[in-house]
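Peer 1: Here the UniProt record's numbering is used: the first residue of the sequence shown is 1, the next is one more, and so on. Just so you know, even glycine gets a beta-carbon here, dropped at the ideal spot from N, CA and C. Computed from a predicted structure; not experimentally measured. Right, I'll just put the structure down here and ask away after.
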Amino acid sequence: MLIYAYPFSRSTRALWTAEELGLSYETQFIDVKNKSRIAPGHGSPHPLTKVPALIDDDVRLFESVAICKYLAENYGDGRLYPAEKRRRAEVDMWLSYAVTDLEQPLWTMLKHGMLLPEAQRVPAIAPVARREFELAYQALPNTPSPTGESFTLADIFISHVLSWAKGLGITLSEPHEEYVSRCQNRPAFLKARQREAEGVEQLKHH
1 MLIYAYPFSR
11 STRALWTAEE
21 LGLSYETQFI
31 DVKNKSRIAP
41 GHGSPHPLTK
51 VPALIDDDVR
61 LFESVAICKY
71 LAENYGDGRL
81 YPAEKRRRAE
91 VDMWLSYAVT
101 DLEQPLWTML
111 KHGMLLPEAQ
121 RVPAIAPVAR
131 REFELAYQAL
141 PNTPSPTGES
151 FTLADIFISH
161 VLSWAKGLGI
171 TLSEPHEEYV
181 SRCQNRPAFL
191 KARQREAEGV
201 EQLKHH
């Protein structure tokens, strides 16, 4: 199993999921910020050379939701992605919410704040995007987990998106601060972070 990744990006979710499931896998870190440095044949299988992407035998996937659901369904034995239909639907609901209503305004802020070439940035869009996030954020329940007591893929995605919000200077409620801290102090998350730190060093010397 091979996961294509870039440190501290959406690929964190795929690495974290693999670690939660105790999977044996390899990583190939891709310098997505400088695609001219990617050697022919060594890019991500994503059609736009983005990450994360996954190769597992004859399975080739991209997009973090698809990858994480595939891993949990095939290797989780009920962990992270419940077998019971109603609970699974709830996890799917929060996964969709995380990558649409919660994440997209933050991604807009990131792009226009630092990622796009300066000439393409529209600074006036930041407060609009922030307000969109705040409206979506208010709908999150102040509970240990949006889907119940057990840790699921929804927790991986929501806590990861909320950590982006913190990085952009958005203040979270105390329960959500504790929630993010609890999720990101799990041994599997720390292992994923260690692998990403190794990826940073690999890309420095690539």
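Measuring straight from C-alpha to C-alpha, what distance separates SER181 and ALA154?
Peer 2: The alpha-carbon atoms of SER181 and ALA154 are separated by roughly 15 angstroms.
Peer 1: From which residue to which residue does the alpha helix (DSSP H) around LEU106 run?
Peer 2: Note, LEU106: alpha helix (DSSP H), 103 to 110.
Peer 1: For SER36 and GLY76, I'd like the C-alpha separation in whole angstroms.
Peer 2: Because SER36 sits at a pLDDT of 47, beneath the cut-off of 50, its placement in the model cannot be relied upon, and the point is left open.
Peer 1: Whose C-beta lies closer than 7 angstroms to the C-beta of ALA39 among residues of the same chain, with five residues either side of it excluded?
Peer 2: With a pLDDT of only 48 at ALA39, under the threshold of 50, the placement of this residue in the model should not be trusted; the figure read from the coordinates follows. Here the set comprises nothing.
Peer 1: According to DSSP, is GLN28 part of a helix, a strand, or is it coil?
Peer 2: Strand, per DSSP.
Peer 1: Give the range of the alpha helix (DSSP H) segment to which PHE133 is assigned.
Peer 2: Run containing PHE133: 125 to 137, per the alpha helix (DSSP H) assignment.
Peer 1: CA-CA distance, THR147 and ALA126?
Peer 2: Those two C-alpha atoms are separated by around 30 angstroms.
Peer 1: Would you report the Cα separation of PHE189 and GLU118, rounded to the nearest angstrom?
Peer 2: C-alpha separation (whole angstroms): 33 angstroms.
Peer 1: For PRO105 versus ALA83, is the C-beta spacing smaller than 9 angstroms?
Peer 2: No, Cβ-Cβ distance for PRO105 and ALA83 is not below 9 angstroms.
Peer 1: Among the candidates TRP94, LEU2, PHE8, LEU15, whose CA atom is the shortest distance from the CA of PRO187?
Peer 2: The shortest C-alpha separation from PRO187 is found at LEU15.
Peer 1: What span of residues does the alpha helix (DSSP H) with ALA66 cover, start to end?
Peer 2: Element bounds for ALA66: 64 to 75.
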